[in-house]
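Before any comments, here is the structure.
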Amino acid sequence: MKLAQVIGRVFCSRQDPGLDKKTLLLIQPLRWEDGKALGDPVVAADTVGAGASENVFWVAAREAAMAFPDVPAVDAAVVGIVEGHQVKDFRTR
């Protein structure tokens with residue numbers, strides 16, 4: 494799982510029928526060690542009712558579609574709301 498912050502919502506006038514009644518969020522991936530932005534924002538389907546500015550767990554690729562019972566065509570999905578996290582002695586190589 495990856496860490497991100499919800500920075501907005503995405504609204505579509507037309508979309509795949511598998512995405513009907515699913516909320517699409519714009520999320521900014523974050524680095525675990527310091528919470529700074531990592532890469533470009535991502536559109537992710539929401540499974541947990543995340544709100545603006547919340548930190549979330551997200552998954553990508555096949556795991557994203559598997560987060561839903563009906564397996565829609567999604568590349569990213571929010572699967573948890575992060576209340577807090579702690580990183581002790583984090584080192585990068």
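To convert, count from 1 in the sequence shown and add 493; that's this note's numbering. Here a beta-carbon is modelled for each residue, glycine too, at the ideal position from N, C-alpha and C.
Handout entry: Beta-carbon proximity of residue 558 to residue 549, cut-off 8 Å
Key = Position 65 of the sequence shown holds residue 558. Position 56 of the sequence shown holds residue 549. The answer is no: Cβ separation not under 8 Å.
Problem - CB-CB length for residue 523 against residue 503, believed under 8 Å - result: In the sequence shown, counting from the first residue as 1, residue 523 sits at position 30. In the sequence shown, counting from the first residue as 1, residue 503 sits at position 10. Actually they do not touch by this definition, with Cβ atoms about 19 Å apart.
Problem - First through last residue of the beta strand (DSSP E) which encompasses residue 557 - result: Here the question's residue 557 lines up with position 64 in the sequence shown. It is not in any beta strand (DSSP E) - residue 557 instead sits in the alpha helix (DSSP H) that spans 555–559.
Handout entry: Simplified DSSP assignment, three categories, for residue 531
Key = By one-based count along the sequence shown, residue 531 stands at place 38. Looking at residue 531 - three-state DSSP - the assignment turns out to be coil, as it is neither helix nor strand.
Handout entry: Where the beta strand (DSSP E) through residue 501 begins and ends
Key = The residue given as residue 501 occupies position 8 in the sequence shown. Residue 501 -> beta strand (DSSP E) spans 495–503.
Handout entry: Whether residue 520 touches residue 499 by CB criterion (8 Å)
Key = In the sequence shown, the residue the question calls residue 520 occupies position 27. In the sequence shown, the residue the question calls residue 499 occupies position 6. Yes, Cβ-Cβ distance for residue 520 and residue 499 is below 8 Å.
Exercise for the section: Starting from residue 545, follow the beta strand (DSSP E) in both directions and report where the run begins and ends. Expected result: On the sequence shown, residue 545 is found 52 positions in, with the first residue counted as 1. Going by DSSP, residue 545 is part of no beta strand (DSSP E) at all; its letter is neither H nor E.
Practice task
Under the assumption that residue 538 contacts residue 570 (Cβ atoms under 8 Å), give the Cβ distance between them as a whole number of angstroms.
Solution key: For the purposes of this step, residue 538 is identified with residue 45 of the sequence shown, where counting begins at 1. For the purposes of this step, residue 570 is identified with residue 77 of the sequence shown, where counting begins at 1. Contact flag correct, Cβ pair sits at about 5 Å.
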